[in-house]
Structures are given as structure tokens and as C-alpha cells.
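Have a look at the structure below before the remarks.
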Amino acid sequence: MSGLVGNPAMHSRDAVWRTVPLTGEHLHSILPQWRDLWQKAGERNFFLSPDFLLPSLPLLASKRPMLVTAFRGESLIGLMVMRGDIGYAKLPIGFWRSALHAEQYLGTPLVMKGEEGTFAKGLCEWLDRSDSSRCFVKIAYISADCDLANAIKGFCANDERVSFEQGRHARAAISPASDDVEFDAHLSANRRRSLRKARRKLESLGAVDIESLTKADALSDWIDDFLKLENSGWKGAEGSSILSNPDETELYRSIIRAAFDIGGLHFSRLCIDSKPIAYTLDIRAVPFAFCLKSA
Numbered sequence: 035m036s037g038l039v040g041n042p043a044m045h046s047r048d049a050v051w052r053t054v055p056l057t058g059e060h061l062h063s064i065l066p067q068w069r070d071l072w073q074k075a076g077e078r079n080f081f082l083s084p085d086f087l088l089p090s091l092p093l094l095a096s097k098r099p100m101l102v103t104a105f106r107g108e109s110l111i112g113l114m115v116m117r118g119d120i121g122y123a124k125l126p127i128g129f130w131r132s133a134l135h136a137e138q139y140l141g142t143p144l145v146m147k148g149e150e151g152t153f154a155k156g157l158c159e160w161l162d163r164s165d166s167s168r169c170f171v172k173i174a175y176i177s178a179d180c181d182l183a184n185a186i187k188g189f190c191a192n193d194e195r196v197s198f199e200q201g202r203h204a205r206a207a208i209s210p211a212s213d214d215v216e217f218d219a220h221l222s223a224n225r226r227r228s229l230r231k232a233r234r235k236l237e238s239l240g241a242v243d244i245e246s247l248t249k250a251d252a253l254s255d256w257i258d259d260f261l262k263l264e265n266s267g268w269k270g271a272e273g274s275s276i277l278s279n280p281d282e283t284e285l286y287r288s289i290i291r292a293a294f295d296i297g298g299l300h301f302s303r304l305c306i307d308s309k310p311i312a313y314t315l316d317i318r319a320v321p322f323a324f325c326l327k328s329a
């Protein structure tokens with residue numbers, strides 16, 4: 035894909051950058067350092083964690099992705115997944131871009147906290163030494179005001195490079211200040227009134243309960259029921275449900291189990307007379323809680 039594939043290591047004064055095809059073999063070869071990086075990252079992007087990225091490989095394969103890593107000594111200080119592309123704003127120019135699949139909602143590279151400046155400088159040097167046919171890099175869905183985004187913008191400004199935001203939008207993620215945060219505080223007064231009205235209507239149909247998954251032996255049944263319920267509506271009819279794609283099915287089975295094992299799963303369901311009628315699947319990865327799916 036580029037000159038970096040044949041010569042995968044790039045040395046700078048601050049770190050060693052390596053670019054190799056994204057494969058299970060390459061990911062497992064750095065697994066201990068990768069887990070350490072995710073725990074110590076300035077922003078713990080769940081979508082680049084081992085528990086999400088490894089089962090995502092079948093969904094990324096068609097994009098011919100590259101694993102880009104930055105090491106200082108034995109420590110992994112940065113990781114991102116990129117792919118080559120051509121054609122931007124109707125111009126036939128080549129560039130690098132984030133390699134993401136449809137179930138990834140955040141593309142912020144994993145960078146060790148405190149190493150954002152080093153990563154920003156190395157990213158530009160990595161681009162400089164890339165194939166000359168790729169003249170810029172597009173990082174999609176990066177948190178707009180995180181330390182890494184600010185470091186990249188700051189380095190580019192000081193080094194007389196061009197950087198800009200293409201646009202901003204909000205995803206279903208919140209940043210709870212603590213474990214005992216009141217999530218109602220994130221809702222407007224009108225939204226809270228609407229929810230109370232909806233609950234009263236549900237209560238006219240039977241006893242309303244909200245349950246959260248707490249027991250490991252119930253996990254498989256919850257996953258199966260959640261997938262069946264999501265598939266029973268318009269998504270199943272249009273072929274866009276999780277069950278419509280075997281690779282997505284395996285991805286969600288894997289990440290739900292992994293998130294439960296590390297205490298990051300918030301899996302809830304709404305029942306009427308003990309019958310589940312809705313599920314929400316949320317993942318906690320400080321500083322965010324990601325609202326992944328509802329059914």
C-alpha cells in the first residue's frame with residue numbers, strides 16, 4: 035500500500051513508528067503493551083481496545099487496514115489504525131485516513147497520557163516519510179477538544195503545517211464526573227416530562243420494571259434475547275440488524291462478554307409483567323459511557 039509496508043520502522047528522536055498490516059498476529063504480538071497503553075491512555079477509546087478491535091478484524095478486512103504504532107523503548111505510547119485512500123474533494127490525490135467499520139463511533143488514536151505532543155510530532159514525521167503519493171492524513175471521529183486534538187493543532191501551527199476541522203457532531207456518549215453521577219442531569223426538563231408521560235402509559239399495560247444484568251450465568255440468555263428483539267423490528271426487515279451480519283453478531287457477543295468481565299458493561303432492559311420489551315447496551319470506558327445499541 036505504501037513505502038512504509040516494505041520498511042515498517044521509522045525512527046525519530048522521540049519514538050520508533052511502525053506500520054504493518056492489521057492482522058491478529060501483529061496485534062497479539064503487542065498485546066501486553068497494548069493493554070497497558072489502553073489503561074494509561076489520555077482518552078481510553080473503547081473502540082481501539084483489545085476487547086473491541088480484535089473481534090473487529092473480519093469487519094475491517096475489506097478496507098486493507100494498517101496498524102500504526104509508536105514505541106519508546108519497550109513501551110507502546112501510541113496506536114492507530116489507518117488505510118490508504120485516493121480521491122478527495124473530487125481531486126485524484128492520495129491520502130491516509132482512519133480505518134473504521136460501521137460499529138466504531140470514536141476514532142481518537144490511543145496515546146499514552148502526557149505523550150500527546152510527542153505523538154503529534156511523530157504523526158507529522160510519519161506522514162512526511164510515507165509514500166509521496168499520500169500527502170495528508172484524515173483522522174475521523176476524534177474527540178474535538180481532547181488533549182491529543184489540541185496537541186496536533188498546536189504542533190501543526192508551530193511547524194507551519196495546515197490542520198483543520200471538517201465538522202463536528204455529537205454521538206451518544208456522556209462523560210460522567212463520577213460513579214455516583216445523576217444521569218438525569220443530562221436530560222432537559224421537557225425530555226424528563228416526556229419520559230414520565232411514557233412511563234405512565236406503559237404502567238397502564240402492566241407492572242413496569244427496569245432490570246440490569248448482574249449475574250454471569252444470565253449473560254448468554256440476555257445476549258440472545260437482545261439480539262432477537264433487535265432483529266424483530268425494522269432493522270431485521272431491512273437487513274441492518276446485528277443478526278443480519280454474522281461478523282457483527284460475533285463482535286457483539288464478544289464485546290458484551292469482555293465488558294462484563296472488566297466491569298464496564300451496563301446492560302439493562304425494560305419489562306412489562308416480567309416480559310422484556312426493550313434493551314439498552316452501554317459500555318463504560320472512562321472518561322466516557324458509550325450508548326452502543328438499543329432494541
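Take the sequence shown: its letters are residues 35 to 329, numbered as in this note's numbering.
All C-beta atoms, glycine included, are put in the ideal place defined by N, C-alpha and C.
Keep in mind that this is a model prediction, so the values were computed, not measured.
Tell me I176's beta-bridge partners as DSSP assigns them.
DSSP, once it has assigned bridges, lists no residue as partnering I176.
Looking only at its chain, what residues have a beta carbon closer than 7 Å to the beta carbon of D316, apart from the 5 residues adjacent to it on each side?
H300, A323, F324, C325, L326
Please confirm whether any heavy atom of the ligand GDP lies closer than 6 Å to the CB of L247.
You won't find the ligand GDP in this model; it holds no ligand whatsoever.
Per DSSP, the bridge partner or partners of A136:
Answer is none; A136 lacks a bridge partner.
On the DSSP bridge list, what partners appear for V102?
T53, M114
Is F129 closer than 7 Å to R163 when the C-beta atoms are compared?
no
Under 6 Å Cβ to Cβ from L140, same chain only, skipping five residues before and after it: list those, please.
N79, F81, Y175
D48 versus A232 - alpha carbon distance
56 Å
Between the CA atoms of G240 and L144 - distance to the nearest angstrom:
47 Å
For I186, report the span of its alpha helix (DSSP H) as first-last.
181-192
Specify the secondary structure class of N41 as computed by DSSP and reduced to three states.
Annotation note: pLDDT 39 at N41 (below 50); position unreliable, coordinate value reported separately. N41 falls in the coil class under three-state DSSP.
Local conformation of H60 per DSSP, three classes:
helix
Can you give the beta carbon distance from F153 to I120, rounded, assuming they're within the 8 Å contact cut?
Rounded, the Cβ-Cβ distance is 26 Å, inconsistent with contact.
What did DSSP end up calling A123 once you bin it into helix, strand or coil?
coil
With a CB to CB cut of under 7 Å and the five nearest residues on each side skipped, what residues in its chain are close to D193?
C158
Cβ neighbours of E199 in the same chain (closer than 8 Å, five flanking residues each side left out)
A178
The alpha helix (DSSP H) that contains I289, what's its start and end?
280-295
With DSSP run on the structure shown, which of helix, strand or coil describes L65?
helix
Does the Cβ-Cβ distance between L93 and H135 come in under 7 Å?
yes
Counting pairs of Cβ atoms below 8 Å between the stretch 254-263 and the stretch 304-319, do you hit three or more?
yes
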